[in-house]
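In mature numbering (1 follows the signal peptide of the UniProt record, and there is no 0), the protein residues as written are -27 to -1, 1 to 152.
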Amino acid sequence: MAAKRFHTLIAPIALSSLLACAGAALATDFGKRTPEVKELVDALKPSAQPAERTRGLAVVGAAATAAKPSASMQVGFDFGSAEVISRDVVKIDRLAEALKSDSLREYKYLVIGHTDAVGPLPLNMQLSRDRAASVVNHLKRQGVAAERIVFEGRGPNELLNPRQPDAAENRRVEVRLMQ
């Protein structure tokens, strides 16, 4: 049993943008592949369609209420650990470069940690916060301004695969464009 605690788990990082209007995210799924910085920028870029104004009312185009752009990729954590495994640090480095790019530099981001449903809820809530904080701290060390990124943990409360509560895709960190 102890040996199982040290194996590496693959956890997807879902990079999704969030605008003021609610909507489902359209994911660009990079899977286990390490995306290029430009691919991450393109996936996180908000819709450029402005609201049309008519006599003080904002007429929001269909693109603003439709699904929002996003991306996902898998990043590994050791079992029960919040530290990104060394071979996947390059993915977080590229995310940092994307967030520092001219296209995304003016936006703020929310990093949300998630876990699977295995284990006690209080432990999973803390682990999800710790994983999100680990990603945020790495982004800050890479030069992303601290005031542009915040984090929270949601534990197993938003499973990507509710049919398999212990599935690897449930263990993830999401990065959402806030503004």
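No residue lacks a Cβ here, since even glycine has one placed at the ideal position from N, Cα and C.
Delimiting residues of the alpha helix (DSSP H) encompassing residue i
i      : result
ARG114 : 94 to 114
LYS18  : Element bounds for LYS18: n/a, residue is neither H nor E.
Paired residues, beta bridge with residue i - DSSP
i      : result
PHE3   : None, per the DSSP bridge assignment.
PHE124 : VAL84
Contacting residues, own chain, Cβ-Cβ under 6 Å from residue i (five flanking each side not counted)
i      : result
ASP61  : VAL48 and GLY49
VAL123 : LEU83
ALA106 : PHE124
MET98  : GLY126 and GLY128
PRO135 : none
ALA140 : ASN134
ALA119 : LYS113
ALA55  : ASP103, ARG104 and SER107
Contacting residues, own chain, Cβ-Cβ under 8 Å from residue i (five flanking each side not counted)
i           : result
PRO138      : ASP89, ALA90, VAL91, PRO129 and LEU132
VAL109      : VAL84, ILE122, VAL123 and PHE124
ALA69       : HIS111, LEU112, GLN115, GLY116 and VAL117
residue 161 : No information on residue 161 is available, as it lies outside the stretch -27 to 152 that the chain covers here.
Whole-number beta carbon distance between residue j and residue i, since they are thought to touch under 8 Å
i      : j      : result
VAL14  : LEU77  : 6 Å
GLY126 : ARG102 : 3 Å
ARG67  : THR7   : 7 Å
VAL146 : GLY86  : 5 Å
Beta strand (DSSP E) segment containing residue i, residue limits
i      : result
GLU147 : 145 to 150
Same chain, Cβ closer than 7 Å to residue i, five either side skipped, listed in chain order
i      : result
ARG114 : none
VAL63  : THR7
LYS73  : GLY116 and VAL117
Check your understanding: What are the uninterrupted segments assigned as alpha helix (DSSP H) that are 4 or more residues long and contained completely in the segment 54 to 79, given in chain order?
Key -> 62 to 73
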